[in-house]
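Position 166, counted from 1, in the sequence shown is what my numbering calls 166; the numbers after and before it change by one each time, with no gaps.
We put the beta carbon where it would ideally sit given N, CA and C, even for glycine.
Inspection log for the structure reproduced underneath, given as structure tokens.
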Amino acid sequence: MMMLSAAANFEHADVEAAVVFVDMSGFTAFTETHGDHIAAQLAETFAASATRVLGPADEVIKTIGDAVLVVCENPATAVTFLRRLTAEISRVQGFPMLRAGIAAGPVVKRNGDVFGSTVNTAARLATAAQAGQIVVNDGVALALSAADLAAMTALGSLALRNVGSPIDAFALDIGTHHQEHVDPVCRMHVAEGAPELTIAHSGTSYRFCSTACMQQFAQPIVRDNASPPDNEGAWPSTR
């Protein structure tokens with residue numbers, strides 16, 4: 001029986017691109033605290049924000065839960081897109097911090113979707129990123145360094161899940177100074193103009209998005225303060 005080649009089975013295009021995978025750090029905590037419906041609304045707002053700030057050659061491929069997959073022309077336009085996205089969401093109270101991965105290389109475009117190791121690498125780099133970071137592969141880092149577009153820190157060689165070989169990775173700051181105040185319970189960004197709901201604990205001041213989160217944070221502190229000393233094991237006898 002004659003076998004068709006992969007190229008004959010579907011319409012596709014092989015292109016060089018920078019693939020961006022960006023999501024909201026702490027989204028699971030946000031969902032647990034604020035509920036499924038509010039979390040879904042936040043994800044929709046995030047996707048709409050990403051669409052609004054696309055550059056001329058940028059394309060949103062799809063949204064996956066709280067994540068957005070975007071294809072850009074090159075690493076420079078990918079970083080520019082992320083900076084615009086960060087600025088866009090800074091105007092909205094309540095966004096968690098972003099984290100992102102960028103990988104540059106060949107991708108296969110088919111029926112509005114993209115495939116290939118470059119796509120997989122971008123997604124895995126995003127999971128390796130801390131809140132407020134872009135993590136990129138060496139090809140992206142080289143392009144950005146040559147154009148003097150971003151300061152970066154070498155992370156060394158990362159073994160990423162389902163990626164065949166370790167990746168030389170670099171971290172970039174995506175300009176999240178506006179998100180300095182993050183609710184430690186639900187991971188929401190607390191805007192500068194928001195009501196000041198704070199608790200000082202162990203030398204650190206924490207800000208909260210709501211009294212509900214503040215009370216949830218305070219409960220274990222109250223319990224700890226009410227507990228007997230460890231070396232006692234019980235309250236002193238009153239007899």
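Here Glu59 is bridged, per DSSP, to Val71. Collapsing the DSSP output to three states places Ser157 in a strand. Within its own chain, the residues whose Cβ lies closer than 6 Å to the Cβ of Ala169, once the five positions on either side in sequence are excluded, are Val135, Leu155, Leu158, listed in chain order. With 16 or more other Cβ atoms from the protein chains shown falling within 10 Å of its own Cβ, Asp183 counts as buried. The region 122-132 and the region 96-108 touch, with no fewer than 3 CB-CB distances between them shorter than 8 Å. In this structure Ala78 is buried. Its beta-carbon is surrounded by 16 or more other beta-carbon atoms within 10 angstroms. Taking all protein chains shown into account, Pro106 has fewer than 16 neighbouring C-beta atoms within 10 Å of its C-beta and is therefore exposed.
The beta-carbon distance between Asp113 and Ile61, rounded to whole angstroms, is 6 Å. This is short enough to meet the 8 Å contact definition. The Cβ-Cβ distance between Asp58 and Phe27 does not fall below 8 Å. The C-beta distance from Leu144 to Pro75 rounds to 6 Å, short enough to meet the 8 Å contact threshold. Residue burial is scored here from C-beta neighbours: Phe30 has at least 16 other C-beta atoms within 10 angstroms and is therefore classed as buried. If the five residues before and after Ala218 are omitted, its C-beta is found closer than 8 Å to the C-beta atoms of Ile199, all from its own chain and listed in chain order. Under a 10 Å Cβ-count criterion, Phe46 is classified as buried, with 16 or more other Cβ atoms of the shown protein chains found around its own Cβ. Separation of Gly35 and Phe81 (C-alpha to C-alpha, rounded to the nearest whole angstrom) is 29 Å. Our two residues, His12 and Phe21, have alpha carbons roughly 21 Å apart in a direct line. Short of 7 Å from the beta carbon of Ala141, and not among the five residues preceding or following it, lie these beta carbons of its own chain, in chain order: Met152, Phe170. Counting along the chain, no beta strand (DSSP E) covers Arg124; the unbroken alpha helix (DSSP H) around it starts and ends at 117-128.
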